[in-house]
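The next block holds one structure in the form of structure tokens; read it before the comments.
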């Protein structure tokens, strides 16, 4: 081994001035080459491959005097490539290295000092890029996302040992930007803007209320509005779990400034708030009139000769009817609110959806009374025109996602009863006007079909039959495809002459004629009379649910359909497409009437019982899943055709705009 390097100015070569001892291969020119062991004057050591005087190659081991060790790739004396770092406290790193620093992909293990470990990107010795840091051995506390120079920066998901989760944006280890924080330990969630680790800007906060018995209100407090340093501050809307609502100004988590409040029973206050309290007088709760329903528009439109009393008198009469039947109404409300929802969904909201309300109206055959769902929606929505809190209900009268607390449900029934029975003087000998109409609807149209004390065995039997299974299947598909079909509806629906028109932008509907034309355009109808889905067949399906569609062999093609009815019709048509499979394979299994072979009679020639071949009854769930898959294919084909229609229309509009510009 040469005493000095041939080029003492080459600081990258291992000269004897640096290496105190060396054991291994050596070239004639004095440079180390091959495998060897070098001891440096600093106390560090290296064991591994050399090339032309450099530590160079794979599987080298470099150990510092303080006990830190590196095993892996070397390139001309640089620790570069893939390797393993082991610190004297036991921590280690496995991954890519560049110039002695962790750089690229790698995993760091904090044991035995801590249970933490990190797997992801590195840059110049620091966590940088995308990666996951786990803080404990149970993986209940971790951060996975973007990093910058060792700090959380960008989009990331933070899980806390308590079970709480933050999913959103970070800046230099602090929550900043858009994100969602979920406090699972206390049932709360915030989604919105963050700054300095606190809600700041615009956001939504929900507080879930744990229930010990059925409820008639949403089971969440919900605030939508402005925040400052983690507190409600600025303009915001607070929806209380009991159905009350406040919209207005906030300061330091308190109602402060101009605001509008409506109680769960309809009492209104519009005015100034200070330190969470109204400055003026709040309308008092009245035991004889707890439900402050809005009826002024109905009363003002009534015949001036009708001796029905003032609005206050009529409201008291209406409350008498409500209190008379409130037990049954609550039971019915709770029953329909639970339809199509699992326990988790009921834990977040116990308010009735519009879809559930439509189901009730159909079960009670109220839709056979001559009014359409579109008419009922408008009759309910008109009371919210220019309303200080709920004007959106007027502007979107057919909104499929509308929620109804018990108060709203009763208000809807009142409006429907007036729509159907207004002008009738023979409804009751005790009640008059609006009260008589509501009482008649409840007593004659709802309770005979929906008595809450219905036999449990009968209800259980219905839950197992084919009809109920199809309803559940439709509810499942409505959850998956409803919003897509409703978006299609919004593209196709138009204002009607008898609707709200300009005053309510979303009062748009589709007629049966328009739906049929759409289905034909999208390839759902068959041209041949013998096909399973003809225009006549579709109308017959509609006529079963809506008797007024057909009258003595004539069809009312101008009959209005709201979004959910269009979804129901498309679903029914998809079922017709596969009615043979449903009749022969699905229905027998659901009704437990599937044919199974029996033992053959005794063969007189051999006097022995002949057993039929082994027969396996199909799994009902497999059969249902097959049907579900076929219906999904039809729904997807309609949505695909609609997307193509939208693209064509967009092209046509651009051409028309260009031609108009050329003329100018």
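Residue numbers (the numbering used here): 15 to 678. We put the CB at the ideal spot given by N, CA and C, even for glycine. Quick caveat: nothing in here was measured; it's all calculated off a predicted structure.
#1: Pick helix, strand or coil for residue 152, following the three-state DSSP scheme.
#2: Do residue 272 and residue 278 come within 8 angstroms of each other at the CB atom, strictly closer than that value?
#3: Residue 556 and residue 547 look like a contact to me (Cβ under 8 angstroms); what is the Cβ gap, rounded to whole Å?
#4: Per the contact definition of three or more C-beta pairs closer than 8 angstroms, is the stretch 136 to 143 in contact with the stretch 163 to 173?
#5: Pick from 534, 38, 441, 431: whose alpha carbon is nearest that of residue 67?
#6: How far does the beta strand (DSSP E) with residue 355 in it extend, from its first residue to its last?
#7: From residue 338 to residue 355, what distance separates their C-alpha atoms?
#8: Which value, in whole angstroms, describes the spacing of the CA atoms of residue 487 and residue 642?
#9: To the nearest angstrom, how far is the alpha carbon of residue 328 from that of residue 447?
#10: Throw me the rounded Cβ distance for the residue 95 and residue 85 pair, which I believe falls under 8 angstroms.
#11: Helix, strand or coil for residue 84? Go by DSSP, reduced to three states.
#12: Is it true that the CB of residue 193 sits closer than 8 angstroms to the CB of residue 180?
#13: Give the secondary structure of residue 514 by DSSP, where H, G and I count as helix, E and B as strand, and everything else as coil.
#14: State the start and end residues of the unbroken alpha helix (DSSP H) segment that holds residue 368.
#15: I want to know whether the stretch 429 to 436 touches the stretch 450 to 458 - three or more CB-CB distances under 8 angstroms.
#16: Apart from the five residues just before and just after residue 47, which ones in its own chain have a Cβ nearer than 8 angstroms to its Cβ?
#17: Would you call the CB atoms of residue 184 and residue 201 closer than 8 angstroms?
#18: Between residue 508 and residue 638, what straight-line distance do the alpha-carbon atoms span, to the nearest angstrom?
#19: Between the Cα of residue 581 and those of 485, 62, 135, spot the shortest distance and give me the residue it belongs to.
#20: Please classify residue 347: does DSSP put it in a helix, a strand, or coil?
#21: Roughly how many whole angstroms lie between the Cα atoms of residue 502 and residue 634?
#22: Please report how far the alpha carbon of residue 155 lies from the alpha carbon of residue 36, in whole angstroms.
#23: Evaluate residue 247 with the Cβ neighbour count: other Cβ atoms within 10 Å of its Cβ, from every protein chain shown; 16 or more gives buried, anything less gives exposed.
#24: If you run the structure through DSSP and keep just helix, strand and coil, what is residue 33?
#25: Roughly how many whole angstroms lie between the Cα atoms of residue 105 and residue 159?
#26: Just mark residue 419 as buried or exposed, buried being the case when its beta carbon has 16 or more other beta carbons within 10 Å.
#27: Residues in its own chain within less than 6 angstroms of residue 9 by CB, not counting five upstream and five downstream?
#28: Mind checking residue 439: buried by the 16 CB within 10 Å criterion, or exposed?
#29: Which class does residue 251 belong to by DSSP, given the choice of helix, strand or coil?
#30: On the DSSP letters alone, give me the boundaries of the alpha helix (DSSP H) that residue 431 sits inside.
#31: What does residue 536 pair with, by DSSP beta-bridge criteria?
#32: Use the C-beta contact count for residue 670: other C-beta atoms within 10 angstroms, 16 or more gives buried, fewer gives exposed.
#33: Answer yes if the stretch 283 to 297 comes into contact with the stretch 406 to 418, meaning at least three C-beta pairs across the two stretches below 8 angstroms, and no otherwise.
#34: By DSSP's criteria, residue 137 is part of a beta bridge. Which residues make up the other side?
#35: With DSSP collapsed to three states, give me the class of residue 412.
#36: Compute the Euclidean distance between the alpha carbons of residue 215 and residue 175, then round it to the nearest angstrom.
For this structure:
#1: coil
#2: no
#3: Incorrect: roughly 13 angstroms between the Cβ atoms, too far for contact.
#4: yes
#5: 38
#6: Note, residue 355: premise wrong, no beta strand (DSSP E); not H, not E.
#7: 29 angstroms
#8: 8 angstroms
#9: 8 angstroms
#10: Contact doesn't hold; Cβ gap of about 11 angstroms is too wide.
#11: strand
#12: yes
#13: coil
#14: 368 to 377
#15: yes
#16: 39, 40, 41, 64, 65, 66, 67
#17: no
#18: 36 angstroms
#19: 485
#20: helix
#21: 33 angstroms
#22: 48 angstroms
#23: buried
#24: strand
#25: 23 angstroms
#26: buried
#27: Given that the chain is displayed from residue 15 to residue 678, the structure contains no residue 9 and the question cannot be resolved.
#28: exposed
#29: strand
#30: 420 to 435
#31: Answer is none; residue 536 lacks a bridge partner.
#32: exposed
#33: no
#34: 140
#35: coil
#36: 28 angstroms
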